[in-house]
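Position 301 of the sequence shown, counting from 1, maps to 355 under the numbering used here, and the rest follow consecutively. No residue lacks a Cβ here, since even glycine has one placed at the ideal position from N, Cα and C. Working notes, beginning with the structure itself.
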Amino acid sequence: MNVLKLAVIPGDGTGPEVTNEALKVLKAVAGKENFQYELTNFDFGGERYLRTKETLPKGAVDELRKFDAIFLGAVGHPDVPPGVLEKGLLLELRFQLDQYINLRPVKLFPGVETPLAGKGPADIDFIVVRENTEDLYCGVGGFLKKNTPDEVASQTAVYTRKGCERCIRYAFELTRKRNNPKKMLTLVAKTNVLTFGHDLWWRTFQEVAKEYPDIKADYNHVDACCMWMVKNPEYYDVIVTTNMFGDIITDLAGILQGGMGVAAGGNINPDKGGVSMFEPMGGSAPKYTGLNVINPIAAINAMSMLLDQQGQTKAAARVMKAIQHVTGTKMKSQAAGKMGYSTSQVGDLICEAL
Ligand code: IPM
Ligand code: MN
Numbered sequence: 055m056n057v058l059k060l061a062v063i064p065g066d067g068t069g070p071e072v073t074n075e076a077l078k079v080l081k082a083v084a085g086k087e088n089f090q091y092e093l094t095n096f097d098f099g100g101e102r103y104l105r106t107k108e109t110l111p112k113g114a115v116d117e118l119r120k121f122d123a124i125f126l127g128a129v130g131h132p133d134v135p136p137g138v139l140e141k142g143l144l145l146e147l148r149f150q151l152d153q154y155i156n157l158r159p160v161k162l163f164p165g166v167e168t169p170l171a172g173k174g175p176a177d178i179d180f181i182v183v184r185e186n187t188e189d190l191y192c193g194v195g196g197f198l199k200k201n202t203p204d205e206v207a208s209q210t211a212v213y214t215r216k217g218c219e220r221c222i223r224y225a226f227e228l229t230r231k232r233n234n235p236k237k238m239l240t241l242v243a244k245t246n247v248l249t250f251g252h253d254l255w256w257r258t259f260q261e262v263a264k265e266y267p268d269i270k271a272d273y274n275h276v277d278a279c280c281m282w283m284v285k286n287p288e289y290y291d292v293i294v295t296t297n298m299f300g301d302i303i304t305d306l307a308g309i310l311q312g313g314m315g316v317a318a319g320g321n322i323n324p325d326k327g328g329v330s331m332f333e334p335m336g337g338s339a340p341k342y343t344g345l346n347v348i349n350p351i352a353a354i355n356a357m358s359m360l361l362d363q364q365g366q367t368k369a370a371a372r373v374m375k376a377i378q379h380v381t382g383t384k385m386k387s388q389a390a391g392k393m394g395y396s397t398s399q400v401g402d403l404i405c406e407a408l
């Protein structure tokens, strides 16, 4: 029998608390679905950085390559300057492991409040496929005459044919697999202004679309998408977009599905032997750390995504169903401290509901 080998990076702040609940659920569902797994803990994050001045120790990435997947709690520490952990840990792992897809399911679970008036679970159920290795995130740029009145700063968006094609192809495949009656893939970009980089995306999208005649190839400018997502979220089935726009619209989408307590994401390398990493979207939430009040649903949701991607589709569906049962019939709210239960009690409720 295959043993699922997981690397666990609980990380900072409330990361360890929500990771505990996700692992509790993993243990319970593995018992029910009869699969085996093995956990290896890594202490990467702010505390370690403050001690060692290292975000990822030498050889860490090669160590992580040996696992089937990675579960990440949260990175971000109030005593570490912004950018250090984000770039040195999270983005470094995404790039080095070539996790070229950032997958963000946007699904309003039963009982979860959305800020959109008159919209319910039937209206908010789409998925965003964000390119995860290029664009403004590639770190190309620099300063000229820094700290002088003549200072110039540049930050370059880099798009490659290979990078957008593999992402677009993944999104078409996913749209086919989702089998939503809409069967529509919307490219979100800004072709009217970014006439080089997004022209490459547009042309690649049109070409790849020819291989998927069963899927409607749709296009929105990113600014229009922001309006539409709030006004008519039911319009969307699957969205594919560039890294920077994807970062922004998935936070907008995350709030539509009930916020950071619920939203989860996967950094996926779909290639053979690729190592993917799953995380709740909430961040390290320093002010709630150690209080047992943070919402673990996002982390449990991320665990369900991990199981699905690892081929444990029955276990993943079981966890997803349990989440919906608990949000729909038990929890008062998805906000930290207002759930009607503690962090660990929500984890217990999910285990009972499995
Ligand atoms: C996300 C986060 C990261 C990003 C940050 C922490 C670097 O906002 O996963 O969306 O911008 O990709
Ligand atoms: Mn983000």
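Backbone secondary structure at residue i - three-state DSSP
i	result
Ala331	The identity of residue 331 in the sequence shown is Met, whereas the question assumes Ala. In this structure, Met331 counts as strand in the three-state DSSP scheme.
His131	coil
Asn74	helix
Gly142	helix
Lys341	helix
Asn355	helix
Gln260	helix
Glu224	Contrary to the premise, residue 224 reads as Tyr rather than Glu in this sequence. Note: Tyr224 maps to helix in three-state DSSP.
beta-carbon residue i near the ligand IPM non-hydrogen atom, thresh 7 Å
i	result
Leu126	no
C-alpha distance - residue i paired with residue j, whole-angstrom precision
i	j	result
Ala369	Pro334	18 Å
Leu408	Val160	22 Å
Gly315	Ala352	5 Å
Ser358	Gly127	14 Å
Ile181	Met238	11 Å
Glu219	Met393	42 Å
Gln240	Met281	It is Thr, not Gln, that sits at residue 240 in the sequence shown. In a straight line, the C-alpha of Thr240 is about 15 Å away from that of Met281.
Asp152	Ile303	22 Å
Asp97	Met331	16 Å
Lys120	Tyr191	26 Å
Leu80	Asn323	22 Å
Ile269	Tyr224	13 Å
Ala376	Ala114	35 Å
Leu157	Ala123	15 Å
Residue i Cβ short of 7 Å to the ligand MN heavy atom set
i	result
Asp305	yes
Sequence-distant residues of the same chain with beta carbon closer than 6 Å to residue i, five excluded per side
i	result
Val206	Leu198
Gly410	Here the chain comprises residues numbered 55 to 408, so residue 410 is not present and cannot be evaluated.
Pro76	Reading off the sequence shown, one finds Ala at residue 76, where the question assumed Pro. So the list reads Ala353, Ile354 and Met357, once near-sequence residues are dropped.
Ile293	Val182, Thr240 and Val242
Gly251	Ala211 and Tyr213
Asn95	Val62
Same chain only: Cβ atoms within 8 Å of residue i, ignoring 5 sequence neighbours per side
i	result
Arg372	Val83, Lys86, Glu87 and Leu408
Pro203	none
Gln311	Val160, Lys161, Leu162, Phe163, Val166, Thr168, Ile178 and Ala317
Trp255	Tyr213, Cys218, Ile222, Leu241, Ala243, Thr245 and Thr296
Other residues of its chain near residue i: CB distance less than 7 Å, five sequence neighbours each side excluded
i	result
Thr73	Val62, Pro64, Phe125, Gly127 and Ala353
Please output, in chain order, the residues near the ligand IPM using a CB cut-off of less than 5 Å to any non-hydrogen atom of the ligand.
Glu140 and Asp301
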